[in-house]
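Residue numbers (the working numbering): 4 to 171. The beta carbon of each residue, even a glycine, is placed where N, CA and C say it ideally should be. Inspection log for the structure reproduced underneath, given as structure tokens.
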Ligand SMILES: [Fe+2]
């Protein structure tokens with residue numbers, strides 16, 4: 004790692020693999036009073052893995068829409084939490100530029116230009132702020148780990164793991 008900082012790779016991998024666990028139908032009802040991400044953290048804490056929570060709670064793209072929440076999180080987040088949140092903005096079925104991830108989200112949840120805000124969509128000014136925060140996240144993570152955004156790749160082991168999961 005650059006800048007003399009170390010990263011707990013096992014923590015990042017575990018958090019990345021489990022970050023969306025609260026979306027599972029078997030899990031969601033057990034953490035019903037939490038927002039996405041916090042539910043995963045709570046569920047994992049109950050099972051003896053509280054250390055994963057901090058690396059998970061900041062990952063949902065909706066956190067980028069809440070300026071005060073994001074600013075607090077961004078100021079205090081560990082490098083592991085930053086990497087997991089950034090990876091979420093780059094990885095769909097494959098690793099892609101953030102611009103493509105956002106275009107995909109915008110297709111699914113088009114910005115609402117009416118006075119009111121439709122559920123699941125953002126006003127254009129919120130979307131602009133979300134993109135700006137995502138870019139700040141990308142700049143910071145890439146600087147911390149010493150890699151250019153265009154050079155971000157999946158770890159080698161994930162190819163085989165994904166193939167095995169698809170075949171299961
Ligand atoms: Fe998520």
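Q. Is residue 91 near ligand 3, going by C-beta to nearest heavy atom under 7 Å?
A. Among the ligands modelled here, namely ligand 1, ligand 3 does not occur.
Q: Between the Cα of residue 152 and those of 163, 140, 161, spot the shortest distance and give me the residue it belongs to.
A: Nearest to residue 152 by alpha-carbon distance, out of 163, 140, 161, is 140.
**Q.** For residue 94, the three-state DSSP class (helix, strand or coil)
**A.** strand
Q: Could I get the ranges of all uninterrupted alpha helix (DSSP H) runs contained in the region 57 to 93, with 4 residues as the minimum, in chain order?
A: For the region 57 to 93, whole alpha helix (DSSP H) runs of length 4 or above, ordered along the chain, are 70 to 79, 82 to 93.
(Q) Spatial neighbours of residue 169 within its chain, please: C-beta separation below 6 Å, excluding the five flanking residues on both sides. (A) none
Q. For residue 79, does the count of other Cβ atoms within 10 angstroms reach 16, so buried, or fall short, so exposed?
A. exposed
Q) Can the beta-carbon of residue 25 be found closer than 8 Å to that of residue 9? A) no
Q.
Once the 5 residues before and after residue 48 are set aside, which same chain residues still bring their CB inside 7 Å of it?
A. 56
(Q) Considering Cα atoms alone, identify which of 171, 37, 67, 81 is closest to residue 148. (A) 81
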